[in-house]
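**Student:**
Number of protein chains: 2
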Amino acid sequence: MHVLITGAAGMVGRKLVQNLAADRALFGFEVTRLTLADVVGSPVPEALQEFTTALTVDLARPGDPEKLIAGRPDMIFHLAAIVSGEAEIDFEKGYAINLDGSRSMFDAIRCESDREPYRPRVVFASSLAVFGQPFPAKIGDDFFTTPLTSYGTQKAICELLLADYTRKGFFDGIGIRLPTICIRPGKPNRAASGFFSNILREPLVGMEAVLPVDDTVRHWFASPRAAVGFFVHAAQLDTSLLGPRRSLTMPGLSALVSEQIDALRRVAGDKAVALIRREPDPEIRKIVAGWPADFDARRAGNLGFKAETSFDEIIRIHIEDELEGRNP
Amino acid sequence: MHVLITGAAGMVGRKLVQNLAADRALFGFEVTRLTLADVVGSPVPEALQEFTTALTVDLARPGDPEKLIAGRPDMIFHLAAIVSGEAEIDFEKGYAINLDGSRSMFDAIRCESDREPYRPRVVFASSLAVFGQPFPAKIGDDFFTTPLTSYGTQKAICELLLADYTRKGFFDGIGIRLPTICIRPGKPNRAASGFFSNILREPLVGMEAVLPVDDTVRHWFASPRAAVGFFVHAAQLDTSLLGPRRSLTMPGLSALVSEQIDALRRVAGDKAVALIRREPDPEIRKIVAGWPADFDARRAGNLGFKAETSFDEIIRIHIEDELEGRNP
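In the order they appear, the protein sequences are chains A and B. Per the working numbering, residue 1 is the first one in the first sequence, and the count goes up by one each step. Per the working numbering, residue 1001 is the first one in the second sequence, and the count goes up by one each step.
1. With a Cβ-Cβ cutoff of 9 Å, do Ser1240(B) and Glu1159(B) count as a contact?
2. Using the beta-carbon of each residue, which ones in chain A are nearer than 7 Å to Pro1244(B)?
3. Can you list, in chain order, the residues of its chain whose CB lies under 8 Å from that of Phe195(A), leaving out five sequence neighbours each side?
4. How about Met1250(B) and Ala1226(B): are their beta carbons less than 9 Å apart?
5. Starting from the beta carbon of Leu241(A), find every residue of chain B whose beta carbon is closer than 8 Å, and list them in chain order.
6. Tell me, please, which residues DSSP counts as bridged to His360(A).
7. Is Phe1143(B) close to chain D? Criterion is C-beta to C-beta, closer than 9 Å.
8. Using a Cβ-Cβ cut-off of less than 8 Å, list which residues of the stretch 180 to 195 of chain A approach chain B; keep chain order.
9. Let me know the secondary structure DSSP gives Ile314(A) once reduced to three states.
10. Is the Cβ of Lys1168(B) closer than 9 Å to any Cβ of chain A?
11. On a CA-only basis, which of Val12(A), Leu4(A), His219(A) is nearest Ile176(A)? Give me that one, please.
12. Restricting to Cα atoms, I'd like to know which of Gly85(A), Thr166(A), Gln18(A) is closest to Pro120(A).
13. Go through its chain and collect everything with a Cβ distance to Ala1156(B)'s Cβ below 7 Å, but skip five positions before and after it.
14. Is it the case that the stretch 1106 to 1116 of chain B contacts the stretch 1089 to 1098 of chain B, given that we only count it when at least three CB pairs across the two stretches are under 8 Å?
15. Does DSSP put Asp1214(B) in a helix, a strand or coil?
16. Over the uninterrupted alpha helix (DSSP H) stretch that includes Ser1240(B), give me the two end residues.
17. Let me make sure I understand the geometry here. Which of Ser310(A), Ser223(A), Gly10(A) has the alpha-carbon closest to that of Thr56(A)?
18. If you scan the stretch 1236 to 1303 of chain B from start to end, which runs of the alpha helix (DSSP H) of 4 or more residues do you find wholly inside it?
19. I'd like to know whether the C-beta atoms of Leu200(A) and Ile314(A) end up nearer to each other than 9 Å.
20. Quick one: Cα of Leu1026(B) to Cα of Ala297(A), how far?
21. Any residues in the stretch 78 to 104 of chain A with a beta carbon nearer than 8 Å to a beta carbon of chain B? Which ones, in chain order?
22. Give the residues of chain A in contact with Ile1157(B), contact being defined as C-beta atoms less than 8 Å apart.
23. Determine the burial state of Glu202(A): buried for a count of at least 16 other Cβ atoms within 10 Å of its Cβ, exposed for fewer.
24. May I ask you to list the residues that DSSP assigns as paired with Arg177(A)?
25. Do Val44(A) and Ala54(A) have their C-beta atoms closer together than 9 Å?
26. How close, in whole Å, do the beta carbons of Ala1070(B) and Leu1036(B) come, if the pair is a contact with beta carbons under 8 Å?
27. Do you know whose CA, among Gly1169(B), Leu1253(B), Ala1080(B), Asp1058(B), lies nearest Tyr1118(B)'s CA?
28. Check whether the Cβ of Pro1251(B) lies closer than 9 Å to any Cβ atom in chain A.
29. Along the beta strand (DSSP E) that carries Thr1056(B), what are the first and last residues, could you check?
30. Compare the C-beta of Asp1058(B) with all C-beta atoms of chain A and state if any pair is closer than 9 Å.
31. Does Asp1164(B) come within less than 9 Å of chain A when only Cβ atoms are used?
32. Counting only beta-carbon separations shorter than 9 Å, does Pro136(A) have a partner in chain B?
33. So Ser153(A) is in the beta strand (DSSP E); what residue range does that whole segment cover?
34. Short of 8 Å in beta carbon distance, which residues of its chain neighbour Gly1325(B), apart from the five on each side in sequence? Order them along the chain.
35. Within its chain, find whatever has a CB closer than 8 Å to the CB of His78(A); leave out the 5 residues flanking it on each side and keep chain order.
36. May I ask which residues mark the beginning and end of the beta strand (DSSP E) holding Ala37(A)?
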């Protein structure tokens, strides 16, 4: 089976590849060919080098999506996107990559399937950003997608395209609305949600972190390990169970910032907590106030998708996966 | 004020123009310039000829949307679309016109507003087709849009674009999800929904009509007069009341086919009802079974949009507007 990962150099993409290096049957089938695509070079673990091609492509560049699909991948993880902050600042770039880039790839599949029978599975990374205030206390699976950012709009549109192209038989699509990933490893990106990870990741290695919002902010989280699990599960799912509604809000943990901090205290002590510096930022506060706090992600739960149930667990996963088990 | 109507030669477009011919202050302001655009020639009533330009344009043709926006219309009624049956058969044409055509026009407005301050109102004709089974008994204003046709997908995507472009300040958008228009004037057509109008319109002039579904089918209706009223009201609405959710399910009348027939009997007698020939069509039956039956269109109602409350009224409106008051 030939697997294509777009956005392979991104955080989730790299983790997916690392997991595949450890287990070539990760998706329930033997991967015999792997194509990694990103606008920058994608790292290729040694165990996968023999049958992996890493391509530097731009989905917004005419011809690039077709180049990826010409190899007729059986399983496509479509993770490539520019992040919400950038999509908000650069309106045209956001639409060009997040909407037109995805649609061009979907159309490349459609044209390939017109040419000769072909119906790959497309696992699409969507986002909670498809939702916008006002919300019910818990957002159910039937709730209206009313994004309040261009990024969320682009993701919601791709969800609609994913469903229509699936309905027409061009591919077998499934959309995965990721919770906010916490604890994000590595360096902060332009996302306004960065602090949710920073206030745990930095103190765990003895560094200061800034908390720009109140302790009473509630949000929806899953670990990077859970995110990889969502994609692995989506690759194996019997999609006939989905019916025509192809995008799913993933399960997650609804937690207050204060609960994040309490968990940090239990795992790493008061010294770690003391490294969190409160520095209210009205701009970030305002953005975060528009975000969803809690979901009833029943459909995904019933379909077997799983996330963490406590922040202690999320922090322990970070220590295991990113700090080689060292809890300073 | 300069008004632009796209799809001006269509049924709702022509009615809007006729109403404007009877009352130049229809929209609450004096119309001093009118541009009618369609892929075919738009009829121009004599009373409007002095200040009206009828353009034959194709929104999917590069340059045409810019041509319409170059005149900086203050109020845009965007009705142009290919119908659902055609969009389902010709996938590429449906996306080219209903999605890309609309987006090109939205982008033309954006570019014009970047060039020099400009923020027209855009009243967009959306559709119940944004919804797809399974439904609750009454579909509320927060219900998920999960279209089951390419046409519905294209309309739902335009609703998302309308909201995002409005949020960014490029224009002041409002989406109007029309109920099934009944009684459609003109000749019977092959649209799957045609029979809802045929079984009333034809018997009212002594002609036979075919009923291809059971009497127990329930659906959501408004008259052509109500449809014009929705657009007129949307043109005058204080859109600050909408917040970020810019598309509204219009009010309508939820009625059974048997209730349509009962109303016909009351208005035109048993002789008219006897002209309805029952000829079950499994294909139409199946299509119609996927359509919504009832809505709780509370938001639009609270904002002052109004539809009929009985089929007797809908039939009487048809007799007044299409049959010059003659009830045979």
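C-beta atoms are modelled at their ideal positions from N, C-alpha and C, and glycine is treated no differently.
**Tutor:** Short version:
1. For Ser1240(B) and Glu1159(B), no; Cβs fall outside 9 Å.
2. Going along chain A in sequence order, the residues near Pro1244(B) (Cβ under 7 Å) are Gly132, Thr146, Leu148.
3. Closer than 8 Å at Cβ, skipping near neighbours: Ala209, Val210, Leu211, Pro212, Val213, Ile284.
4. Using a Cβ distance threshold of 9 Å, Met1250(B) and Ala1226(B) count as a contacting pair.
5. Near Leu241(A) there are no residues of chain B at all, since even the closest Cβ is about 14 Å away, more than 8 Å.
6. Outside the shown range of chain A (1 to 328) lies residue 360(A), about which nothing can therefore be said.
7. Although the question refers to chain D, the structure presented lacks it and instead comprises the protein chains A and B.
8. The residues in question: there are none.
9. In the three-state reduction of the DSSP assignment, Ile314(A) falls in the helix class, which pools H, G and I.
10. Contacts with chain A at 9 Å (Cβ-Cβ) include Lys1168(B).
11. Nearest option by C-alpha distance: Val12(A).
12. When C-alpha distances from Pro120(A) are compared across Gly85(A), Thr166(A), Gln18(A), the shortest belongs to Thr166(A).
13. Within the same chain, Ala1156(B) has close Cβ partners Val1130, Thr1145, Pro1147.
14. In this structure the stretch 1089 to 1098 of chain B does not lie against the stretch 1106 to 1116 of chain B, because fewer than three pairs of beta carbons, one per stretch, are closer than 8 Å.
15. Correct three-state label for Asp1214(B): coil.
16. For Ser1240(B), there is no enclosing alpha helix (DSSP H), as DSSP gives it neither H nor E.
17. Ranking the options by Cα distance to Thr56(A), first place goes to Gly10(A).
18. Runs found: 1257 to 1273, 1282 to 1289, 1298 to 1302.
19. Taking the C-beta atoms as reference points, Ile314(A) is found nearer than 9 Å to Leu200(A).
20. When rounded, the distance between both Cα atoms is 47 Å.
21. If you check each beta-carbon in the stretch 78 to 104 of chain A against every beta-carbon of chain B, the ones closer than 8 Å belong to Phe91.
22. Result: Ile157, Leu160, Leu161.
23. Buried, by the Cβ-count rule.
24. DSSP output for Arg177(A) lists Ser126(A), Thr249(A) as bridge partner(s).
25. For Val44(A) and Ala54(A), yes; Cβs fall inside 9 Å.
26. The beta-carbon separation of Ala1070(B) and Leu1036(B), rounded to 16 Å, does not stay under the 8 Å limit for a contact.
27. Relative to Tyr1118(B), the option among Gly1169(B), Leu1253(B), Ala1080(B), Asp1058(B) whose CA is nearest is Gly1169(B).
28. Look at Pro1251(B): its C-beta is not under 9 Å from any C-beta on chain A.
29. For Thr1056(B), the uninterrupted beta strand (DSSP E) segment begins and ends at 1052 to 1056.
30. It does not: the Cβ of Asp1058(B) has no partner Cβ on chain A nearer than 9 Å.
31. So yes, Asp1164(B) belongs to the interface.
32. Yes - at least one Cβ of chain B is within 9 Å of the one on Pro136(A).
33. Per the sequence shown, the amino acid found at residue 153(A) is Thr instead of Ser. Here Thr153(A) belongs to no beta strand (DSSP E); instead the alpha helix (DSSP H) covers 150 to 167.
34. Excluding the 5 residues flanking it on each side, Gly1325(B) has same chain C-beta neighbours closer than 8 Å at Ile1319, in chain order.
35. Counting only Cβ-Cβ distances below 8 Å, and skipping sequence neighbours, we find Thr6, Gly7, Ser102, Met105, Val122, Val123, Phe124, Ala125.
36. Looking at the DSSP string, the run of the beta strand (DSSP E) that includes Ala37(A) is 33 to 38.
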